[in-house]
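Novice:
Number of protein chains: 2
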Amino acid sequence: MKVLFVHAHSEADSFVSAMRDSAKAAFEERGDTVTVSDLYAMKFNPVSGPEDFGQRSDPGHLTYALEQRHGYENGTIAEDIKTEIGKVLDADIVGFTFPLYWFGTPAILKGWIDRVFISGTFYGGKRLYGNGGMAGKKAFAAFSLGGREYMFGEDSLHGPLATGMMKHFFQGTLGYAGFSVVEPFIAHHVPYLPLDQRQKCLAELRDYVLSFDRLPIMPMPDLKNFGPRFEPLGKPA
Amino acid sequence: MKVLFVHAHSEADSFVSAMRDSAKAAFEERGDTVTVSDLYAMKFNPVSGPEDFGQRSDPGHLTYALEQRHGYENGTIAEDIKTEIGKVLDADIVGFTFPLYWFGTPAILKGWIDRVFISGTFYGGKRLYGNGGMAGKKAFAAFSLGGREYMFGEDSLHGPLATGMMKHFFQGTLGYAGFSVVEPFIAHHVPYLPLDQRQKCLAELRDYVLSFDRLPIMPMPDLKNFGPRFEPLGKPA
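Line by line, the protein sequences give chains A and B. Taken in order, the first sequence gives residues 1 to 237; the numbers are from full-length UniProt numbering. Taken in order, the second sequence gives residues 1 to 237; the numbers are from full-length UniProt numbering.
1. In its own chain, which residues sit with a C-beta less than 6 Å from the C-beta of Phe230 (chain A), not counting the 5 before and 5 after it?
2. Listing by chain order, which chain A residues have their CB less than 9 Å from the CB of Gly133 (chain B)?
3. Can you look up Lys2 (chain A) in the DSSP assignment and give me helix, strand or coil?
4. Quick one: list the residues of chain A neighbouring Tyr72 (chain B), beta-carbon separation under 9 Å, in chain order.
5. Per DSSP, Ser119 (chain B) forms a beta bridge with which residues?
6. In three-state terms, what does DSSP make of Ser22 (chain B)?
7. Say whether chain B places a C-beta atom closer than 8 Å to the C-beta of Asp114 (chain A).
8. Less than 8 Å between the beta carbons of residue 243 (chain A) and Thr76 (chain A), yes or no?
9. Would you list, in chain order, the members of the region 38 to 52 of chain B that have their beta-carbon closer than 7 Å to a beta-carbon of chain A?
10. How many angstroms separate the CA atom of Leu128 (chain B) from the CA atom of Phe140 (chain B)?
11. Quick one: list the residues of chain B neighbouring Ala12 (chain A), beta-carbon separation under 8 Å, in chain order.
12. At which residues does the beta strand (DSSP E) containing residue 244 (chain B) begin and terminate?
13. Taking C-alpha atoms, which residue in B:Ala162, B:Ala91, B:Ser119 lies nearest to Gly71 (chain B)?
14. If contact means a Cβ-Cβ distance below 7 Å, which residues of the region 54 to 67 of chain A contact chain B?
15. For the candidate residues A:Val3, A:Ala187, A:Ala177, whose alpha-carbon lies nearest to that of Tyr123 (chain A)?
16. Since Leu39 (chain B) and Trp102 (chain B) are thought to touch, with beta carbons under 8 Å apart, how far apart are those beta carbons, to the nearest angstrom?
17. What in chain A is Cβ-close to Ser17 (chain B), meaning under 9 Å?
18. Just checking my contact of Phe143 (chain A) with Thr97 (chain A) at CB under 8 Å: how many whole Å lie between their CB atoms?
19. Let's see if you can read the secondary structure: which residues bound the alpha helix (DSSP H) around Ala142 (chain B)?
20. Answer with yes or no whether the minimum CB distance from Ala107 (chain B) to chain A is below 8 Å.
21. Do you know whose CA, among A:Leu210, A:Arg30, A:Ser48, lies nearest Ser10 (chain B)'s CA?
22. Which residue spans inside the region 137 to 225 of chain B form an unbroken beta strand (DSSP E) run of at least 3?
23. So with CB distances below 8 Å, who are the chain A contacts of Met165 (chain B)?
24. Could you have a look at Gly132 (chain B) and say whether DSSP puts it in helix, strand or coil?
25. At a cut of 8 Å, does the region 180 to 193 of chain A reach the region 201 to 213 of chain A through at least three beta carbon pairs?
26. In chain order, which continuous runs of the alpha helix (DSSP H) of length 4 or greater are located wholly inside the region 56 to 121 of chain B?
27. Classify Asn45 (chain B): buried if its beta carbon has 16 or more other beta carbons within 10 angstroms, exposed otherwise.
28. At a Cβ cut of 9 Å, what residues of the region 185 to 211 of chain A count as close to chain B, listed as they run along the chain?
29. Can you round the beta-carbon distance between Phe226 (chain A) and Leu157 (chain B) to whole angstroms, since I take them to be within the 8 Å contact cut?
30. Pick helix, strand or coil for Pro50 (chain A), following the three-state DSSP scheme.
31. Note down, in chain order, every chain B residue with its Cβ under 9 Å from the Cβ of Glu84 (chain A).
32. Name the DSSP beta bridge partners of His7 (chain B), please?
33. Listing by chain order, which chain B residues have their CB less than 7 Å from the CB of Asp155 (chain A)?
34. Can you check whether the C-beta of Phe226 (chain A) is within less than 8 Å of a C-beta belonging to chain B?
35. Grab me the residues of residue 313 (chain A)'s own chain with a C-beta within less than 8 Å of its C-beta, minus the 5 sequence neighbours each way, in chain order.
36. Per DSSP, which one or two residues make a beta bridge with Pro232 (chain A)?
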């Protein structure tokens, strides 16, 4: 399998970078080939805007999603976007490694999604969830946070993590674009862990990757339960 | 009252920029003073990293949240961050105007949060939700999206919007930092609306702002229901 890692940490000696290295080594141990988009090292520009397009379909007024389609079809979208789209299309599995910032990805990774997950190729019209452009590919995330495990889940302080606070990412982004979203690998309480527990965590990440093909897929909305305009069936929209 | 708008759209002729102008005019009609951080116009840098700090508490290894505290206390944090923190601290109300990108804020605004909502001043230790650093201030968002209203809510395609897909922002960011979070103003289906419906939407936004003091506040977790380590009371952590 071809695996693309999208990595968002500025420091090579960080725990998140160690997670990337550990997961990459485990995929390679499986016989997979791994490519890494190391966003800080690439100085990836996360700011979407008019500079993303050369010749525009409407030079007078910018409708970003419309110009994404036009620019990609005509080869006039920015080169860095084109390159990253190519990497995603070439991959069977896309993995994200990052520290959790405000229950989302760091801005450099959010902007990679804003600019790379273009309308038309990744989603659009009726192409979402099971019909999304990335159907047939798997995605996963391995991320760190400061909070403890018991702070998440029903009746806990912050509620569920992957299906609650991070629903925007796992369902609203990866699932929406059609990926089969593998249950994430979550490293809790990282800034406070002693070295031996960090090493244990990296060993668990290796096991996660080695059992990747058997890991559960997160449930997504089933389009069969919705009508042609995505209205809930049985209720007129 | 002093109102700070944080605005994230590259185009001055966009509907989101018209929303900002409409809301700003309505606050001024109330007698409030409005400052705008127009992130695209300011070319705000959304990428957090080692460049955010001058003299560091630990030059050898970067722990971002730790250096935020140290840099702010010692005045060595980047000038753009210092300026934006000052604007937030000076405001009674902070409003966010943006187009919804992947059920979150555009990266330029996500990075404003990553860099400006610093540890120590905005949150940290036991300071979150009702005890967060921004307690006593109100926050709101007025944002646009392509989806229709019936696609959100229980049993709908994407589930609830403000408390589901955008829980990371309203609860996990604004509520977490202690703001009283006013129910958002949501402009659905914007790219497909004819001019008269867009004008109607801007008029509704004016009404929203004119009735701002009476708008409902979104419920947040009550820390009284959790123990000293934020474990749910009655269950040992």
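Just so you know, even glycine gets a beta-carbon here, dropped at the ideal spot from N, CA and C.
Specialist: Checking against the coordinates, here is how it stands:
1. Against the first sequence, residue 230 (chain A) aligns to sequence position 230. Here the set comprises nothing.
2. Counted from its first residue, the second sequence places residue 133 (chain B) at position 133. The contacting residues do not exist; Gly133 (chain B) stays about 14 Å from chain A at best.
3. Your numbering for residue 2 (chain A) matches position 2 in the first sequence. Note: Lys2 (chain A) maps to strand in three-state DSSP.
4. Translated into positions along the second sequence, residue 72 (chain B) becomes position 72. Here the premise fails: no neighbours, minimum Cβ distance about 17 Å.
5. Here residue 119 (chain B) refers to the residue found at position 119 of the second sequence. Partner(s): B:Tyr123.
6. Position 22 of the second sequence, counted from the start, is the residue given in the question as residue 22 (chain B). Note: Ser22 (chain B) maps to helix in three-state DSSP.
7. Taking the first residue of the first sequence as position 1, residue 114 (chain A) is located at position 114. Taking Cβ atoms only, chain B reaches closer than 8 Å to Asp114 (chain A), which makes this a yes.
8. The displayed coordinates of chain A run from 1 to 237. Any statement about residue 243 (chain A) would go beyond what the structure contains.
9. Tyr40, Pro46, Val47, Ser48, Gly49, Pro50
10. The residue labelled residue 128 (chain B) in the question sits at position 128 within the second sequence. The residue labelled residue 140 (chain B) in the question sits at position 140 within the second sequence. The alpha-carbon atoms of Leu128 (chain B) and Phe140 (chain B) are separated by roughly 18 Å.
11. Walking along the first sequence from the start, residue 12 (chain A) turns up at place 12. By Cβ distance, chain B contributes nothing, its closest Cβ being about 10 Å from Ala12 (chain A), past 8 Å.
12. With chain B covering 1 to 237 only, the question about residue 244 (chain B) has no answer from this structure.
13. Here residue 71 (chain B) refers to the residue found at position 71 when the second sequence is read from its first residue. It is B:Ser119 whose Cα lies nearest to the Cα of Gly71 (chain B).
14. His61, Leu62, Thr63
15. By 1-based counting over the first sequence, the position of residue 123 (chain A) is 123. Nearest C-alpha to Tyr123 (chain A): A:Ala177.
16. Against the second sequence, residue 39 (chain B) aligns to sequence position 39. Against the second sequence, residue 102 (chain B) aligns to sequence position 102. At roughly 17 Å, the Cβ-Cβ gap does not stay under 8 Å, so Leu39 (chain B) and Trp102 (chain B) are not in contact.
17. Position 17 of the second sequence, counted from the start, is the residue given in the question as residue 17 (chain B). Going along chain A, no residue has its Cβ under 9 Å from Ser17 (chain B), so there is no contact; the nearest lies around 11 Å.
18. On the first sequence, position 143 is the one that residue 143 (chain A) refers to. On the first sequence, position 97 is the one that residue 97 (chain A) refers to. Confirmed, Cβ separation roughly 7 Å.
19. Counted from its first residue, the second sequence places residue 142 (chain B) at position 142. Premise fails: Ala142 (chain B) lies in the beta strand (DSSP E), 138 to 144, not in any alpha helix (DSSP H).
20. Numbered from 1 along the second sequence, position 107 holds the residue referred to as residue 107 (chain B). With 8 Å as the cut-off, Ala107 (chain B) counts as an interface residue toward chain A.
21. Locating residue 10 (chain B) in the second sequence gives position 10, where the first residue counts as 1. Considering only alpha carbons, the answer is A:Ser48.
22. 138 to 144, 185 to 187
23. As a first step, residue 165 (chain B) is located in the second sequence; it is residue number 165 there, counting from the start. Residues of chain A passing the Cβ test: Lys167, His168, Gln171, Gly172.
24. Looking up residue 132 (chain B) in the second sequence gives position 132. In the structure shown, Gly132 (chain B) sits in coil (DSSP, three-state: anything other than H, G, I, E or B).
25. yes
26. 64 to 73, 79 to 90, 107 to 116
27. Here residue 45 (chain B) refers to the residue found at position 45 when the second sequence is read from its first residue. That one is buried.
28. Pro191
29. Looking up residue 226 (chain A) in the first sequence gives position 226. Looking up residue 157 (chain B) in the second sequence gives position 157. The Cβ separation is near 5 Å, so the contact holds.
30. Position 50 of the first sequence holds residue 50 (chain A). Pro50 (chain A): helix per DSSP, three-state reduction.
31. To locate residue 84 (chain A), count along the first sequence from 1; it is residue 84. Within 9 Å Cβ-Cβ: nothing; Glu84 (chain A) doesn't reach chain B, min ~14 Å.
32. Counting from 1 along the second sequence, the entry for residue 7 (chain B) is found at position 7. Bridge partners of His7 (chain B): B:Asp38, B:Thr97.
33. To locate residue 155 (chain A), count along the first sequence from 1; it is residue 155. By Cβ distance, chain B contributes Pro232.
34. Start at 1 with the first residue of the first sequence, and residue 226 (chain A) comes out as number 226. For Phe226 (chain A), the answer is yes, since a Cβ of chain B falls inside 8 Å of its Cβ.
35. Residue 313 (chain A) is absent from the structure shown; chain A starts at 1 and stops at 237.
36. Residue mapping note: residue 232 (chain A) aligns to position 232 of the first sequence, counting from 1. The partner list for Pro232 (chain A) (beta bridge, DSSP) reads A:Phe226.
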